[in-house]
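Chemist: Chains A and B supply the protein sequences, listed in that same order. Counting from 1, one number per residue, gives the positions in the first sequence under my numbering. Counting from 1, one number per residue, gives the positions in the second sequence under my numbering. Handing you a structure now.
Number of protein chains: 2
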Amino acid sequence: MQIDKIDRAWRGAERCKHCAIRHLVLFSDLTHEDFDRIHQPIDDMEFEPGQRLYYQGENISSVYTIRAGLIKLVQHLPNGDRRIVRLLSQGDLAGLESLNGQVADHDAVCLDLVQVCRLPVSLIQRLQKETPNLHQGLINRWQKALSGADNWITRLSTGKARQRVARLLLLLDQASTDDFFFLPTREDMGAMLGITTESTSKATAEFRRLGLLKKLGQNRAWIDAEALQQQFC
Amino acid sequence: MQIDKIDRAWRGAERCKHCAIRHLVLFSDLTHEDFDRIHQPIDDMEFEPGQRLYYQGENISSVYTIRAGLIKLVQHLPNGDRRIVRLLSQGDLAGLESLNGQVADHDAVCLDLVQVCRLPVSLIQRLQKETPNLHQGLINRWQKALSGADNWITRLSTGKARQRVARLLLLLDQASTDDFFFLPTREDMGAMLGITTESTSKATAEFRRLGLLKKLGQNRAWIDAEALQQQFC
DNA sequence: CGCGCAATTGAGTTATATCAAATACGGTGG
DNA sequence: CCACCGTATTTGATATAACTCAATTGCGCG
Numbered sequence: 001m002q003i004d005k006i007d008r009a010w011r012g013a014e015r016c017k018h019c020a021i022r023h024l025v026l027f028s029d030l031t032h033e034d035f036d037r038i039h040q041p042i043d044d045m046e047f048e049p050g051q052r053l054y055y056q057g058e059n060i061s062s063v064y065t066i067r068a069g070l071i072k073l074v075q076h077l078p079n080g081d082r083r084i085v086r087l088l089s090q091g092d093l094a095g096l097e098s099l100n101g102q103v104a105d106h107d108a109v110c111l112d113l114v115q116v117c118r119l120p121v122s123l124i125q126r127l128q129k130e131t132p133n134l135h136q137g138l139i140n141r142w143q144k145a146l147s148g149a150d151n152w153i154t155r156l157s158t159g160k161a162r163q164r165v166a167r168l169l170l171l172l173d174q175a176s177t178d179d180f181f182f183l184p185t186r187e188d189m190g191a192m193l194g195i196t197t198e199s200t201s202k203a204t205a206e207f208r209r210l211g212l213l214k215k216l217g218q219n220r221a222w223i224d225a226e227a228l229q230q231q232f233c
Numbered sequence: 001m002q003i004d005k006i007d008r009a010w011r012g013a014e015r016c017k018h019c020a021i022r023h024l025v026l027f028s029d030l031t032h033e034d035f036d037r038i039h040q041p042i043d044d045m046e047f048e049p050g051q052r053l054y055y056q057g058e059n060i061s062s063v064y065t066i067r068a069g070l071i072k073l074v075q076h077l078p079n080g081d082r083r084i085v086r087l088l089s090q091g092d093l094a095g096l097e098s099l100n101g102q103v104a105d106h107d108a109v110c111l112d113l114v115q116v117c118r119l120p121v122s123l124i125q126r127l128q129k130e131t132p133n134l135h136q137g138l139i140n141r142w143q144k145a146l147s148g149a150d151n152w153i154t155r156l157s158t159g160k161a162r163q164r165v166a167r168l169l170l171l172l173d174q175a176s177t178d179d180f181f182f183l184p185t186r187e188d189m190g191a192m193l194g195i196t197t198e199s200t201s202k203a204t205a206e207f208r209r210l211g212l213l214k215k216l217g218q219n220r221a222w223i224d225a226e227a228l229q230q231q232f233c
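Set out below in structure tokens:
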């Protein structure tokens, strides 16, 4: 597997100040003086599809703020079962549990080309002591993750298989900025919904026959959100 | 339904300082000086089983720290489906979403006799500005809620019905301090696991026939955790 | 062009939901 | 204290949905 690229040009916070998506990331509320408190390099990293930011059980010492791409959080059970418990995209944080000194709760696996900034826990903790401006950002992201998890339970782990698939497609569609959205493999969709690959495939195939779902390329798709919502939710 | 009792004797933080379970609640890390920053009354409240702390969609302006009892968080979908997404007990916080100015994500319903302290959001926010000692407590509780939600997905919403019931019983057992634990109604257990009341009943009945589960009183039960774990997880 | 993996499809099996009935249980009032 | 009522639970029969297994098709990539 190819090693992830690290662009170490981001020394200190010089480029953070001018980050194109600063309004979306954790540092959005920092002031100019706050940025001057960042004395250590922040690594800008890129990962290929399939690469992992970290593994479940790994002792991680950084939080990752996601600049681009899509990441799945996979949780394994002792008996071999596994479940995808969340998807992360632009503006989200991966590895939040490191702020409590816990080991990683999940594998963080890239679904497509992913760009992140790696923020050492020590930096976050120091900033927290020196400025209150990080707080609300952390709180917001924690809350977003939590309400995402709740929705995952209520919408994606409840009801019949077709219904769950429909809800997942709607969720992926809403999260997308353009008309199309990232369509995971049937296996991954199954792991998100707690159903088998075959059941997922049967549902998407049916939607496609009804003209409610169209595939474009291999990982992109379009849905008729209105119709899907009405007929299957 | 009986009105909840509010013991308004807790003026300011006088009694907070001497709270018997202070080491378990949000204010555990506050210093003596910090307590002096609390200038408003903190209500000590008691709720009967079945009463709600708040409703999904309600605009809440307080967080509740749980001193005793068990609370279920119930989330409703537009189509009428509903799911219990979490259980809260001593030391947990209910209504965290109010800190982001959001309306309540769930109904918070008491399962047994519940005692809470009501902490106004304005108080939390002021304390956050004035002292850093609240932070870690908030972070810890948010993280606990999040990892609880993840487990709910992976352990309680995955696999066959009997397996889920077994995992739920083990979880309830572990959370308990004594040999026995609170056994929810079959209906509630079903709503936690995403299965029907009847399926839940068939599973518990089977465990009981095998001598792995014994009921005591109506809401209390005992399990042979070892055997249950080995045979059904 | 063909190889390999992913996706689709179908047939048969199993698990769960559904519906209905019977039983147990707690709480109330006589 | 006991009888009764309403609710929760258990149980069984049947229908339905999902899983499992196997075979086929489709598709991207070398």
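For every residue, glycine included, the Cβ atom is placed at its ideal position computed from N, Cα and C. If you're wondering where the values come from, they're calculated on a predicted model, not measured in any experiment.
1. Note down the Cα distance separating asparagine 133 (chain B) from arginine 126 (chain A), rounded to an integer number of angstroms.
2. Here's a check: name, in chain order, each residue in its chain whose Cβ is nearer than 6 Å to the Cβ of threonine 197 (chain A), leaving out the five neighbours to either side.
3. Should alanine 9 (chain A) be labelled buried (16 or more other beta-carbon atoms within 10 Å of its own) or exposed?
4. Interface residues of chain A around arginine 242 (chain B) at Cβ under 8 Å?
5. Could you tell me whether the region 144-158 of chain B touches the region 58-72 of chain B, where touching means 3 or more Cβ pairs closer than 8 Å?
6. Who pairs with lysine 214 (chain A) in a beta bridge, going by DSSP?
7. Which residues mark the beginning and the end of the beta strand (DSSP E) in which alanine 68 (chain B) is found?
8. Does arginine 162 (chain B) come within less than 8 Å of chain A when only Cβ atoms are used?
9. Taking just the CA atoms, how far does lysine 17 (chain A) sit from isoleucine 3 (chain A)?
10. Quick check on the DSSP output: the alpha helix (DSSP H) that includes cysteine 117 (chain B) runs from which residue to which?
11. Taking the straight line between their C-alpha atoms, what separation do you get for leucine 193 (chain A) and phenylalanine 47 (chain A)?
12. Could you check what DSSP says for aspartate 173 (chain A) in three-state terms: helix, strand or coil?
13. Distance check for glutamate 14 (chain A) and valine 85 (chain B), CA to CA, integer angstroms please.
14. Let me make sure I understand the geometry here. Which of A:Asp107, A:Asp81, A:Asp224, A:Ser122 has the alpha-carbon closest to that of arginine 167 (chain A)?
15. Compare the C-beta of serine 199 (chain A) against all C-beta atoms of chain B and say whether one is closer than 8 Å.
16. Considering only the alpha carbon of each residue, which of B:Ala20, B:Leu111, B:Ser201, B:Leu123 lies closest to isoleucine 71 (chain B)?
17. Considering only the beta carbon of each residue, do glycine 159 (chain B) and valine 109 (chain B) sit closer than 8 Å?
18. Assuming serine 89 (chain B) and isoleucine 66 (chain B) are in contact, meaning their beta carbons sit under 8 Å apart, how far apart are those beta carbons, in whole angstroms?
19. Which whole runs of the alpha helix (DSSP H) in the region 147-201 of chain A are 4 residues long or more, in chain order?
20. By a C-beta neighbour count over all protein chains shown, 10 Å radius and 16 as the cutoff for buried, is serine 122 (chain A) buried or exposed?
21. Taking 8 Å as the threshold (beta carbon to beta carbon), is valine 165 (chain A) in contact with chain B?
Modeler: Let me lay it out:
1. 14 Å
2. Cβ neighbours of threonine 197 (chain A) beyond the five flanking positions: Arg186, Glu187, Gly190.
3. For alanine 9 (chain A), the predicted model reports a pLDDT of 46, less than 50, meaning its position is unreliable; a value from the coordinates is still stated below. With fewer than 16 Cβ atoms within 10 Å of its Cβ, alanine 9 (chain A) is classed as exposed.
4. Past the edges of chain B, shown from 1 to 233, lies residue 242 (chain B), and the structure says nothing about it.
5. no
6. A:Trp222
7. 62-68
8. no
9. Its pLDDT being 49, under 50, isoleucine 3 (chain A) is placed unreliably by the model, and the measurement read from it follows with that caveat. Cα to Cα, the separation comes out at about 28 Å.
10. Unbroken run through cysteine 117 (chain B) is the beta strand (DSSP E), 114-120; no alpha helix (DSSP H).
11. 26 Å
12. helix
13. 43 Å
14. A:Asp224
15. So no, serine 199 (chain A) is outside the interface.
16. B:Leu111
17. no
18. 6 Å
19. 161-175, 186-193
20. Classification of serine 122 (chain A): exposed, given that the 10 Å Cβ count is below 16.
21. no
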